[in-house]
Amino acid sequence: MALSQRFIEGLWRLDPTAALWAGRFEFAARLPAPDAGWRQRRLRFMQQWQRRFDVMDAAHLAAAERTDLALLRSRVAAEIWQLQVLQEFRWNPADYNVAGALDLILNTDYAPWSKRVDDAVTRLRQVPAYYRAAAAALGTVTREHTELALQQAPGVRAVFDELQLRAQGKHAGLSSALGRAHQALRTYEAQLQNLLKAGNFRSFRLGAELYEAKFGHEIQSAHSAHALYEQALQRREAVLAQMDELARGQWPQWMGAAPQPEDRFARIGAVIDRLSSRHVARDDFVPAIRAQIPELEAWIRQKDLLSLDADKPLVVRETPVYQRGVAGAGIEAPGPYRPQGATYYNVTPLDGLSEAEAQSSLREYNHWILQILNIHEAIPGHYTQLVYANRSPSLVKSLFGNGAMVEGWAVYAERMMMDSGYQASPEMALMYGKWHLRTITNTLLDYRVHVLGLDEAGALDLLQRQAFQTEREAREKWRRVQLTSVQLTSYFSGYSEIWALRERLQARPGFALKAFHEQFLSFGSAPVREIAKLMEG
Numbered sequence: 395m396a397l398s399q400r401f402i403e404g405l406w407r408l409d410p411t412a413a414l415w416a417g418r419f420e421f422a423a424r425l426p427a428p429d430a431g432w433r434q435r436r437l438r439f440m441q442q443w444q445r446r447f448d449v450m451d452a453a454h455l456a457a458a459e460r461t462d463l464a465l466l467r468s469r470v471a472a473e474i475w476q477l478q479v480l481q482e483f484r485w486n487p488a489d490y491n492v493a494g495a496l497d498l499i500l501n502t503d504y505a506p507w508s509k510r511v512d513d514a515v516t517r518l519r520q521v522p523a524y525y526r527a528a529a530a531a532l533g534t535v536t537r538e539h540t541e542l543a544l545q546q547a548p549g550v551r552a553v554f555d556e557l558q559l560r561a562q563g564k565h566a567g568l569s570s571a572l573g574r575a576h577q578a579l580r581t582y583e584a585q586l587q588n589l590l591k592a593g594n595f596r597s598f599r600l601g602a603e604l605y606e607a608k609f610g611h612e613i614q615s616a617h618s619a620h621a622l623y624e625q626a627l628q629r630r631e632a633v634l635a636q637m638d639e640l641a642r643g644q645w646p647q648w649m650g651a652a653p654q655p656e657d658r659f660a661r662i663g664a665v666i667d668r669l670s671s672r673h674v675a676r677d678d679f680v681p682a683i684r685a686q687i688p689e690l691e692a693w694i695r696q697k698d699l700l701s702l703d704a705d706k707p708l709v710v711r712e713t714p715v716y717q718r719g720v721a722g723a724g725i726e727a728p729g730p731y732r733p734q735g736a737t738y739y740n741v742t743p744l745d746g747l748s749e750a751e752a753q754s755s756l757r758e759y760n761h762w763i764l765q766i767l768n769i770h771e772a773i774p775g776h777y778t779q780l781v782y783a784n785r786s787p788s789l790v791k792s793l794f795g796n797g798a799m800v801e802g803w804a805v806y807a808e809r810m811m812m813d814s815g816y817q818a819s820p821e822m823a824l825m826y827g828k829w830h831l832r833t834i835t836n837t838l839l840d841y842r843v844h845v846l847g848l849d850e851a852g853a854l855d856l857l858q859r860q861a862f863q864t865e866r867e868a869r870e871k872w873r874r875v876q877l878t879s880v881q882l883t884s885y886f887s888g889y890s891e892i893w894a895l896r897e898r899l900q901a902r903p904g905f906a907l908k909a910f911h912e913q914f915l916s917f918g919s920a921p922v923r924e925i926a927k928l929m930e931g
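Following our numbering, the numbering of the sequence shown begins with 395 at its first residue and continues without gaps.
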């Protein structure tokens with residue numbers, strides 16, 4: 395067995411929930427309690443493998459194996475840093491959520507229904523110990539992550555209820571296991587409520603030292619977080635200049651004789667605000683997304699931008715309740731062990747919102763932006779990239795994908811589609827500018843909040859006035875930047891490196907765009923800097 399395979403198999407035995415998400419269901423019945431002993435075993439495992447990987451001589455490996463080794467070294471180093479330095483397990487109560495794995499067991503046809511019920515019930519019996527260990531691990535928490543955990547608890551209960559509904563009478567131990575699981579969840583919720591009442595919180599902001607370290611581990615860029623921040627500032631000015639020119643040109647058509655403001659943000663914002671009134675009806679939000687997917691597929695084939703696999707199913711569905719609360723839309727893929735499994739495009743519906751909140755979301759995801767969202771999340775963005783990643787001969791790259799490459803490809807795909815003439819119009823160009831500015835602003839926001847201490851008022855001004863986002867979208871992004879760190883920089887970091895690679899290769903004789911796309915994607919979700927080494931040879 396190859397060394398990388400031995401590492402992966404050992405990791406699955408240690409972390410069966412991670413194995414489930416990767417598509418390995420032989421561990422479905424196991425739910426280890428996340429206690430100090432489990433963390434110590436995980437740390438020892440990572441340290442042992444770090445020593446093994448560090449003594450390997452990469453010079454004697456083939457190019458693809460060198461990138462695998464680089465990914466594995468990065469993975470174990472990041473895990474060790476997480477356990478020893480960041481220690482999120484002490485301050486993020488939302489890390490402890492049993493619903494996702496149970497949902498996979500219920501809704502994945504990996505075994506006969508009776509076997510899946512057995513696995514679910516066995517797993518349920520371990521839920522009380524799981525939540526006891528979670529509560530014991532928590533120290534000084536953040537208020538924001540505690541509130542998120544409480545918000546997601548009803549979704550966990552909904553998965554318990556689904557299991558009861560679908561498996562009632564099929565397993566003698568179901569009722570008692572469910573009763574104890576419900577009680578364990580209620581106890582955990584009560585403990586979190588007590589933490590909120592006590593009011594002793596740590597800041598959600600990482601600070602410069604932790605932020606740079608986390609950026610290095612997660613993004614794996616050739617640049618520092620600070621250097622990326624400076625690059626984003628420069629790109630922002632170029633995009634705003636283009637948007638201002640487009641707004642000036644469209645002013646007479648959309649604003650009539652109204653005088654143009656002197657302030658460029660006000661000028662651009664006024665035209666965007668007028669255009670944003672064109673959007674789907676509230677009840678048509680999810681159906682409209684479903685309808686646009688085949689249109690995007692047809693365009694890709696017509697322009698011969700890259701090959702699509704018609705046999706890989708994409709299912710647009712409403713985001714499961716237990717997953718809601720951080721992002722409004724996203725792809726959930728089956729992983730390399732189940733390449734024929736359904737890929738879900740999770741979309742959070744607008745029901746439950748007030749009329750004002752729904753209108754704000756619809757204006758943000760207006761006629762033009764909704765199409766760009768689907769390009770990013772589905773085709774030829776995340777969905778397409780993940781299909782290619784699961785074809786990769788490298789299991790390492792498929793399993794331990796680099797987030798900046800994944801998000802960077804989706805951002806690159808937006809520009810690629812615009813450059814191909816998709817829905818070409820001055821209005822689409824302006825709205826694409828707004829969307830691209832959002833990618834840039836993600837980096838600015840994340841760095842300013844976690845490193846420079848930007849407050850809520852400053853963040854909302856950056857998002858609304860300077861990046862033309864609606865109030866609801868801006869408030870959701872403010873919430874997200876409190877719950878996550880570094881991830882928001884992955885979009886611009888990955889995109890800028892992919893675009894720079896394309897420009898370098900495009901200068902060579904015989905460059906073909908489709909071949910570039912397919913070769914780039916064929917290496918799986920490796921860091922762009924590692925893919926560049928393979929492609930530039």
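No residue lacks a Cβ here, since even glycine has one placed at the ideal position from N, Cα and C.
Only a predicted model underlies this, so the values are computations on that prediction, with no experimental measurement involved.
The alpha helix (DSSP H) spanning residue i covers which residue range?
| i | result |
| --- | --- |
| residue 660 | 658-669 |
| residue 518 | 507-519 |
| residue 770 | 761-771 |
| residue 644 | 619-649 |
| residue 450 | Neither: residue 450 is in no alpha helix (DSSP H) and is coded neither H nor E. |
| residue 468 | 457-475 |
| residue 894 | 884-900 |
| residue 784 | 776-785 |
| residue 819 | Taken as a continuous stretch (DSSP letters only), residue 819 belongs to no alpha helix (DSSP H), as it is neither H nor E. |
| residue 494 | 493-501 |
Helix, strand or coil, according to DSSP, for residue i in the structure here?
| i | result |
| --- | --- |
| residue 395 | With a pLDDT of only 49 at residue 395, under the threshold of 50, the placement of this residue in the model should not be trusted, and no figure is reported. |
| residue 837 | helix |
| residue 694 | helix |
| residue 596 | coil |
| residue 732 | coil |
| residue 740 | strand |
| residue 674 | coil |
| residue 802 | helix |
| residue 931 | coil |
| residue 565 | coil |
| residue 407 | helix |
| residue 855 | helix |
| residue 443 | helix |
| residue 573 | helix |
| residue 367 | Limits of the chain in this structure are 395 at one end and 931 at the other, which puts residue 367 out of reach. |
Could you tell me whether the Cβ atoms of residue i and residue j are closer together than 8 Å?
| i | j | result |
| --- | --- | --- |
| residue 828 | residue 462 | no |
| residue 739 | residue 772 | yes |
| residue 525 | residue 582 | yes |
| residue 493 | residue 550 | yes |
| residue 737 | residue 709 | yes |
| residue 834 | residue 780 | no |
| residue 611 | residue 398 | no |
| residue 435 | residue 408 | yes |
| residue 868 | residue 854 | yes |
| residue 337 | residue 633 | This structure cannot speak to residue 337, because the chain is shown only from 395 to 931. |
| residue 789 | residue 402 | yes |
| residue 527 | residue 410 | no |
| residue 659 | residue 898 | no |
| residue 845 | residue 601 | yes |
| residue 934 | residue 884 | The chain is shown only over 395 to 931; residue 934 falls outside these bounds and no answer can be derived. |
| residue 765 | residue 881 | no |
Can you tell which of the options has the C-alpha that lies nearest to the C-alpha of residue i?
| i | options | result |
| --- | --- | --- |
| residue 806 | 760, 782, 793 and 769 | 769 |
| residue 605 | 427, 847, 918 and 751 | 847 |
| residue 650 | 664, 639, 656 and 657 | 664 |
| residue 809 | 793, 683, 831 and 850 | 831 |
| residue 886 | 756, 447, 926 and 839 | 839 |
| residue 595 | 534, 653, 625 and 623 | 534 |
| residue 671 | 851, 752 and 760 | 760 |
| residue 491 | 477, 544 and 484 | 544 |
If you follow the beta strand (DSSP E) that residue i is in, where does it begin and where does it stop?
| i | result |
| --- | --- |
| residue 867 | Taken as a continuous stretch (DSSP letters only), residue 867 belongs to no beta strand (DSSP E), being part of the alpha helix (DSSP H) at 865-877. |
| residue 711 | 708-712 |
| residue 726 | 723-726 |
(message) Would the region 511-525 count as touching the region 630-639 if we require 3 or more Cβ pairs under 8 Å?
(response) no
(message) Taking 8 Å as the cut-off, does the region 537-553 touch the region 448-458 (at least 3 CB pairs, one atom from each stretch)?
(response) no
(message) Quick test of the definition: if touching needs 3 or more C-beta pairs under 8 Å, does the region 687-703 touch the region 811-826?
(response) yes
(message) Using 8 Å as the cut-off, can you tell me whether the region 507-517 makes contact with the region 411-423, which would need three or more C-beta pairs spanning the two stretches below that distance?
(response) yes
(message) Below 8 Å, how does it come out for the region 529-544 and the region 584-595: are there three or more Cβ pairs, yes or no?
(response) yes
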